[in-house]
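What follows is one structure encoded as structure tokens, with my remarks underneath.
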Amino acid sequence: MSALQRGVLSKGLPPKGMAGHIPEKKLPPGKSFTPLPFSDFFDSKSTVNIDGDNFNIYLKGSSGPVFLLLHGGGYSGLTWACLATDLYARIECRCVAIDLRGHGLSSCINEDDLSTERQIRDISAIISSLFPISAGDDSVPMIVVGHSMGGALAVHSVSLSLGQIACVKIVGLVVIDVVEGTAMEALGGMITYLRSRPAQFESEEGAIKWCLSSGTVRNSTAARVSMPSQVRKRDDGKYHWRINLLRSEPHWKGWFKGLSSTFLSCTAPKMLVLAGTDRLDKELMIGQMQGKFQTTLLPRVGHAVQEDSPGRLADELARFAVRYRLAVPKGGIQFNPPMC
Amino acid sequence: MVMEVDEPSTQHGGGAGTSMDTSETPSSVDGIEWKFSQVKGTVDQDDTSIADGESSPPTTPPMNDVPPADVISCVEFSHDGEYLATGDKGGRVVIFQRDQSGKYVRGVRSREYNVYSTFQSHEPEFDYLKSLEIEEKINQIKWLKKKNAANFILSTNDKTVKLWKISERERKVADDAWNVERGGSFIGRLNIPSIVPMELIVEASPRRVYGNAHTYHVNSISVNSDEETFLSADDLRINLWHLEITNESFNIVDIKPTNMEELTEVITASEFHPTQCHWLVYSSSKGSIRLCDMRDKALCDQHAKIFEEPEDPAARSFFSEIIASVSDVKFSHDGKFLLTRDYLTVKVWDLRQERAPVETYAVHEHLRSKLCQLYENDSIFDKFECGWSGDDKHILTGSYHNLFRTFARGTQEGKTWEARPAEMHQPLRNRKIGGSASSRKKRAQNPGGAAGDDEIAPDSLDFTRKILHTAWHPQENIIALAATNNLYIFSDV
Chain G
-5 MSALQRGVLS
5 KGLPPKGMAG
15 HIPEKKLPPG
25 KSFTPLPFSD
35 FFDSKSTVNI
45 DGDNFNIYLK
55 GSSGPVFLLL
65 HGGGYSGLTW
75 ACLATDLYAR
85 IECRCVAIDL
95 RGHGLSSCIN
105 EDDLSTERQI
115 RDISAIISSL
125 FPISAGDDSV
135 PMIVVGHSMG
145 GALAVHSVSL
155 SLGQIACVKI
165 VGLVVIDVVE
175 GTAMEALGGM
185 ITYLRSRPAQ
195 FESEEGAIKW
205 CLSSGTVRNS
215 TAARVSMPSQ
225 VRKRDDGKYH
235 WRINLLRSEP
245 HWKGWFKGLS
255 STFLSCTAPK
265 MLVLAGTDRL
275 DKELMIGQMQ
285 GKFQTTLLPR
295 VGHAVQEDSP
305 GRLADELARF
315 AVRYRLAVPK
325 GGIQFNPPMC
Chain U
341 MVMEVDEPST
351 QHGGGAGTSM
361 DTSETPSSVD
371 GIEWKFSQVK
381 GTVDQDDTSI
391 ADGESSPPTT
401 PPMNDVPPAD
411 VISCVEFSHD
421 GEYLATGDKG
431 GRVVIFQRDQ
441 SGKYVRGVRS
451 REYNVYSTFQ
461 SHEPEFDYLK
471 SLEIEEKINQ
481 IKWLKKKNAA
491 NFILSTNDKT
501 VKLWKISERE
511 RKVADDAWNV
521 ERGGSFIGRL
531 NIPSIVPMEL
541 IVEASPRRVY
551 GNAHTYHVNS
561 ISVNSDEETF
571 LSADDLRINL
581 WHLEITNESF
591 NIVDIKPTNM
601 EELTEVITAS
611 EFHPTQCHWL
621 VYSSSKGSIR
631 LCDMRDKALC
641 DQHAKIFEEP
651 EDPAARSFFS
661 EIIASVSDVK
671 FSHDGKFLLT
681 RDYLTVKVWD
691 LRQERAPVET
701 YAVHEHLRSK
711 LCQLYENDSI
721 FDKFECGWSG
731 DDKHILTGSY
741 HNLFRTFARG
751 TQEGKTWEAR
761 PAEMHQPLRN
771 RKIGGSASSR
781 KKRAQNPGGA
791 AGDDEIAPDS
801 LDFTRKILHT
811 AWHPQENIIA
821 LAATNNLYIF
831 SDV
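Top line first, the protein sequences correspond to chains G and U.
Taking my numbering, I'd label the letters of the first sequence as residues -5 to 334.
Taking my numbering, I'd label the letters of the second sequence as residues 341 to 833.
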């Protein structure tokens, strides 16, 4: 078959290697796979009740700009655990990681409505209740960081609702590893990928082991803290996935539609973090050439950038914050501006 | 059901093996039982003796060991069936000739084919403008009808079509001795040398080179029934040539969009009608077949007929488009039907009915649930050929694991056979793809099994061994199949 014909036939199909045959990685012997508690990383967690929906949030830090961390589909707030620790070590900041509707420890009345509109309202409500209006206070500077689905939600939130919250000033927007064009194309492969995952695990350790050996996450510490929150023990004693992502499929397109143009239209300073090989779509490429946002490429990481290389990502975020005079570096750490 | 007057009545019920009730199709034809005849090319010795009742898989050398240049890429019988041409990935053409001694085996003329001629048809080239290699792999070979002592074939690679003349020459040599001496007188019986025929030399010489006419990869060539013109089709264009003229060709079909970004469909195969010199068909990657009449216009972009089956929305999947792509299209010998092959089925179309095929046969339905795996290992892009028997009553096509299927038209089930070496005239065993738990239990209970039936578990299918290219003798039931680097010949005698 000629290359032209193959190209025409493969249009719209997921890139190969996503589904089915995931090469098994050998796990190094002697490594521990026991789950790690959130308290090793975050300071505290609390529950925010919005009209009967309970959202779990993890908090760290007491002063400085707030990094609002939004996880991706199927993940939980603990995906940011390592990143929060590393970021906190570099700059003076506060971290707020939310377990979105239907994920982690949050429990909501309707866990199937994962539409963009619904989740944006959730996020606004949470932020409003975390940072209530009080007289005399300056508005809280907030940098919204989102990964994958969370990145899409971050963009939509910033452009629609968060800007309207009285006590909060959006001073930065960071999107990790999601590009509208590539995400839309990959949606097809998503279903196959989800079907190819094991449906259940015998134990949290088993889940962590799978996570590492399938290459989903490459950093064992991150996997040990984040994986347990992605599975939940059911009555049969086995650990099933916390959320059935396949059920959320009707909402997928809505998350990513119009993402690129909305991203570019936000006025806050923006950064796009990409894992290695991702390509920018046409809109973003033009935007990047026009200097509308900063692009950072982190090679040798998987999709969960914040878990695979929390240190390097923390460097990038810290540098971003310091450059825009949003945060103060800690303890003599120098961030030299990137030399051109 | 409303019937239109000029359409043949159909009972199209979907699924495998639908039979059509018209006067043209035989209502039921006996299936052919194939027997091994020959195998060409190197085969592992362990294969040749397999005791009856055993079903151990032959230990063929792993596919990596086969030199890629030896992989056969096309097979074609000549119009009288006396010659069989094969082309390979290394650009070579090997022509076999049927045994000419006139001896009879089992009541019919000997069906043995022996090497007649081998020559290098195409060489690898390099396109300097595009920095692309042009493969020498022979994509198609077509025979011209024999007009004199020599044979002519057209062979093509991705870019260039060549006309080869294959002629015989008898080398003669002088034998015996003179017995005349110079000078002096001679008395007695005069001996002069006699000319003795030594050996038959078969020469292949290129007579015409039709090049520089295709930007994209040529996938088909077809000689017209007028025996003067032929077409060459690439992904987006079809050109018409005259056999004598190499520096000019006419473009008759062009589906290239002005903006290549909008490309959605390519041409996958094309053929002239066997008797009507103005009709040609071409199939597309979207699963449609268009019939064009060259008398309409100079550029036949507007089809005269389009054969397209509406997609079943219930069966839609990610791979629906890929498996709908037609990989081969063949006119029947009587010119009334079209045979098309897509990834999972072969379909017979009546030229008078465009909206649906009149017969559909499932080739390897067990693969429908494995499409994802086949996409990952690239097998879903394999282009299988299909073929008619000489009397148009049977259909032949290949599958994986060196299996091939023949369908007797009008019957529900086709037969599955495996191409593997055996004793001459040994009947091939019917194979079956197993799968259901009940059939496995039945097999466990009855280990002897029905005589001749061998089950293969769908998971143990070897996707590296496939029969993509097949050919059926124009008059007799002799078939030639290309299995990677081996050519198998089977006959019904």
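Every residue, glycine too, gets a C-beta built ideally from N, C-alpha and C.
These numbers come from a predicted model, not from an experiment.
C87/G and G58/G have their C-alpha atoms roughly 4 Å apart.
Only those residues of the stretch 552 to 565 of chain U whose C-beta falls short of 8 Å from the nearest C-beta of chain G are listed: Y556, H557 and N559.
Judged by their CB atoms, V225/G and F250/G are not nearer to each other than the 8 Å cut-off. Beyond the five residues adjoining it in sequence on each side, R306/G comes within less than 7 Å, by CB distance, of L292 in the same chain, given in chain order. Taking a 10 Å sphere around the C-beta of D574/U, we find 16 or more other C-beta atoms and assign the residue as buried. Taking every protein chain shown into account, the CB of P697/U has 16 or more other CB atoms within 10 angstroms, so this residue is buried. Look at L(-2)/G: its C-beta is under 8 Å from a C-beta on chain U. Between S208/G and I159/G, the C-beta gap is not smaller than 8 Å, which leaves the two residues out of contact. When 8 Å is used as the limit between beta carbons, K723/U is near these residues of chain G: M(-5), in chain order.
Per DSSP, the beta bridge partners of G738/U are F744/U. In the displayed model, W249/G falls within a helix according to three-state DSSP. Between the stretch 510 to 517 of chain U and the stretch 461 to 472 of chain U there are fewer than three inter-stretch CB-CB distances shorter than 8 Å, so the stretches are not counted as touching. Looking from the CA of A298/G, the closest CA among P323/G, K264/G, A217/G and Q282/G belongs to A217/G.
Excluding the 5 residues flanking it on each side, E475/U has same chain C-beta neighbours closer than 7 Å at P464, N497 and D498, in chain order.
Chain order gives the chain G residues near S665/U as L3, where near means a beta carbon separation below 7 Å. Contacts with chain G (Cβ-Cβ distance below 7 Å) from the stretch 569 to 586 of chain U involve D575, listed in chain order. Using a Cβ-Cβ cut-off of 9 Å, L99/G is close to nothing in chain U; its nearest Cβ partner there is about 34 Å away. Closest in alpha carbon position to L62/G, among G68/G, I120/G and R84/G, is I120/G. Secondary structure of Y622/U (DSSP, three-state): strand. Under a 10 Å Cβ-count criterion, W246/G is classified as buried, with 16 or more other Cβ atoms of the shown protein chains found around its own Cβ. Non-local beta-carbon contacts of I773/U in its own chain, meaning distances under 6 Å to residues more than five positions away in sequence, involve H706, I796 and P798 in chain order. Here E568/U is exposed, its C-beta having fewer than 16 other C-beta atoms within 10 Å. For I372/U, no beta strand (DSSP E) encloses it, and the DSSP letter there is neither H nor E. Chain-order list of chain U residues neighbouring L72/G: empty, with the shortest C-beta distance near 31 Å, by a criterion of under 7 Å. Shown in chain order are the members of the stretch 651 to 662 of chain U whose Cβ falls below 8 Å from a Cβ of chain G: F658, F659, E661 and I662. The Cβ atoms of H141/G and G248/G do not sit closer than 8 Å to each other. At a cut-off of 8 Å between C-beta atoms, L311/G does not count as an interface residue with respect to chain U. For the stretch 599 to 616 of chain U, the residues whose beta carbon sits under 8 Å from a beta carbon of chain G are, in order, L603, T604, E605, V606 and T608. Counting the other Cβ atoms within 10 Å of the Cβ of T79/G gives 16 or more, which makes it buried.
Under the Cβ distance rule, G182/G counts among the residues neighbouring chain U, one pair being separated by less than 8 Å. Of the candidates H813/U, G627/U and A644/U, A644/U places its Cα closest to the Cα of R635/U. Within chain G, Q(-1), V2 and L3 have C-beta atoms less than 9 Å from the C-beta of S625/U, given in sequence order. The three-state reading of DSSP puts V219/G in helix, counting H, G and I together. Non-local beta-carbon contacts of T256/G in its own chain, meaning distances under 6 Å to residues more than five positions away in sequence, involve V149 and S153 in chain order. When beta bridges are read from the DSSP output, S565/U appears opposite no residue. Burial check for T608/U: the Cβ neighbour count within 10 Å reaches 16 or more, so the residue is buried.
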